[in-house]
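> Sending over a structure as structure tokens; questions will come in a sec.
Number of protein chains: 2
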Amino acid sequence: MQIKNIIEEKNLKLTAARRELLEIFNFEQRPLCFEDIKDKINMDKATFYRNILMFEKESIVRGFESNDKKRYYEIQGSAHSHFICNLCNDIECLDEVRPKKLSGYTIVDTIYKGICKVCNKES
Amino acid sequence: MQIKNIIEEKNLKLTAARRELLEIFNFEQRPLCFEDIKDKINMDKATFYRNILMFEKESIVRGFESNDKKRYYEIQGSAHSHFICNLCNDIECLDEVRPKKLSGYTIVDTIYKGICKVCNKES
DNA sequence: AGATTCGTGCGAGTAAGTTGCATTTAAGTA
DNA sequence: TACTTAAATGCAACTTACTCGCACGAATCT
Chain A
277 MQIKNIIEEK
287 NLKLTAARRE
297 LLEIFNFEQR
307 PLCFEDIKDK
317 INMDKATFYR
327 NILMFEKESI
337 VRGFESNDKK
347 RYYEIQGSAH
357 SHFICNLCND
367 IECLDEVRPK
377 KLSGYTIVDT
387 IYKGICKVCN
397 KES
Chain B
277 MQIKNIIEEK
287 NLKLTAARRE
297 LLEIFNFEQR
307 PLCFEDIKDK
317 INMDKATFYR
327 NILMFEKESI
337 VRGFESNDKK
347 RYYEIQGSAH
357 SHFICNLCND
367 IECLDEVRPK
377 KLSGYTIVDT
387 IYKGICKVCN
397 KES
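Chains as they are written, first to last, in my numbering: chain A, 277 to 399; chain B, 277 to 399.
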């Protein structure tokens, strides 16, 4: 879907900041934090966080905390889990063969933490 | 195992702060952040975080980030997962029937995020 | 008991994220 | 297209979880 449509569908103003933000998330297809974004476009952090808040409310992006005290955001698409390495802090996306179910609970994200392939080889 | 033994086994000095800290973690058997601790004992935050760092290095406790930008710590015991509610931020411990395995990776913690039983009922 | 090393508390510092406010901009209306 | 208005942006100040340097105090060794 086009960025323009995503924004207009939710009755949000189509601003340059929002278009650029969603273009990056759409292109990268992986969790990004503000630091990642500001290397790519010139945007005030207040603008970033306010728009992210709106995108989260509108279910356009979803965020989670990583090891490094930073929140990472990702555009909503096919459901998948994340693996966060405790050593290198790298975040990987994983497709779930058999998504976990828990009666009474709604699971929207699953995060595995541990040691990734690369770090396992190095130690 | 006795708190005293845990500490001496790792060749750490047995101080009042360390004993009290581990007593709380041992008694509560659930993830706690500094805020939770400081309500129970009088301890400087620097002392808390420095000891936690040491406990983590010695694999006595393990920590993870929650939704609320705070890090929660738990004494190491039987392996289990955690569920964090996106609405009320409550953290629950879950026993895994079939722990996830990923070839090449070492999984030490699994965190499910979503909406808990209580919040699901309320909405 | 005395010496030494390590832990503690205090205060200041760091960095991610938030908020208030003045200015700018998107989008509806004439 | 110009006008209006509601909302978005950028800046600076603030908040808060956490870290660091340093002087003092306490645990362990001999």
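Think of the CB as a built atom: it goes at the ideal place given N, C-alpha and C, for glycine as much as any other residue.
What first and last residue would you give for the alpha helix (DSSP H) that runs through Ile300 of chain A?
Counting from one through the first sequence, the residue named residue 300 of chain A turns up at place 24. Per DSSP, Ile300 of chain A belongs to the alpha helix (DSSP H) from Ala292 to Glu304.
> Just to confirm my understanding: we take Thr323 of chain B, look at its own chain, exclude 5 residues before and 5 after, and list those with CB closer than 6 angstroms. What are they?
On the second sequence, residue 323 of chain B is found 47 positions in, with the first residue counted as 1. Hits under 6 angstroms: Ala293.
> Measure the Cβ-Cβ separation of Ile351 of chain A and Gln305 of chain A and say whether it is below 8 angstroms.
Numbered from its first residue, the first sequence carries residue 351 of chain A at position 75. Numbered from its first residue, the first sequence carries residue 305 of chain A at position 29. Yes. Within cutoff.
> Taking 8 angstroms as the threshold (C-beta atoms), are Asn365 of chain A and Asp344 of chain A in contact?
By one-based count along the first sequence, residue 344 of chain A stands at place 68. By one-based count along the first sequence, residue 365 of chain A stands at place 89. In this structure, Asn365 of chain A lies closer than 8 angstroms to Asp344 of chain A by Cβ.
> With 8 angstroms as the C-beta to C-beta threshold (strictly closer), list the residues of the region 348–366 of chain A near chain B in chain order.
Those residues of the region 348–366 of chain A that come within reach of chain B (Cβ to Cβ, closer than 8 angstroms) are Phe359 and Asn362.
> Which of helix, strand or coil does DSSP assign to Lys316 of chain A?
Taking the first sequence and counting its residues from 1, one reaches residue 316 of chain A at position 40. It is coil, neither helix nor strand.
> What in chain A is Cβ-close to Lys389 of chain B, meaning under 8 angstroms?
Here the question's residue 389 of chain B lines up with position 113 in the second sequence. Ordered by position in chain A, the residues that pass the 8 angstroms Cβ test against Lys389 of chain B are Phe340, Ile383, Val384, Asp385, Thr386 and Ile387.
> Could you spell out the range, first to last residue, of the beta strand (DSSP E) harbouring Lys389 of chain B?
Translated into positions along the second sequence, residue 389 of chain B becomes position 113. Thr382 to Ile391 is the span of the beta strand (DSSP E), which, as asked, contains Lys389 of chain B.
> In chain B, what lies closer than 8 angstroms to Lys376 of chain A by C-beta?
Within the first sequence, the letter at position 100 stands for residue 376 of chain A. Those are Tyr388, listed as they occur along chain B.
> Pull up the distance between the alpha-carbon of Glu334 of chain A and that of Ile391 of chain B, whole angstroms please.
Working through the first sequence from its first residue, we reach residue 334 of chain A at position 58. Working through the second sequence from its first residue, we reach residue 391 of chain B at position 115. In a straight line, the C-alpha of Glu334 of chain A is about 17 angstroms away from that of Ile391 of chain B.
> For a contact meaning CB atoms closer than 8 angstroms, what does Lys393 of chain B contact in chain A?
Residue 393 of chain B sits at position 117 when you count from the first residue of the second sequence. Gly380 and Tyr381, listed in chain order.
> Would Lys376 of chain B and Ile367 of chain B qualify as a contact pair, given that the criterion is a beta-carbon distance under 8 angstroms?
Here residue 376 of chain B refers to the residue found at position 100 of the second sequence. Here residue 367 of chain B refers to the residue found at position 91 of the second sequence. Against a cut-off of 8 angstroms, the Cβ pair of Ile367 of chain B and Lys376 of chain B comes out as no contact.
> Please state the DSSP three-state secondary structure of Glu372 of chain A.
Here residue 372 of chain A refers to the residue found at position 96 of the first sequence. In the structure shown, Glu372 of chain A sits in coil (DSSP, three-state: anything other than H, G, I, E or B).
> Are there 16 or more other CB atoms within 10 angstroms of the CB of Cys369 of chain B, so buried, or fewer, so exposed?
Here the question's residue 369 of chain B lines up with position 93 in the second sequence. Exposed, since its Cβ has fewer than 16 Cβ neighbours within 10 Å.
> Please state the DSSP three-state secondary structure of Leu308 of chain A.
Position 32 of the first sequence, counting from 1, holds the residue named residue 308 of chain A. Reduced to three states, the DSSP call for Leu308 of chain A is strand.
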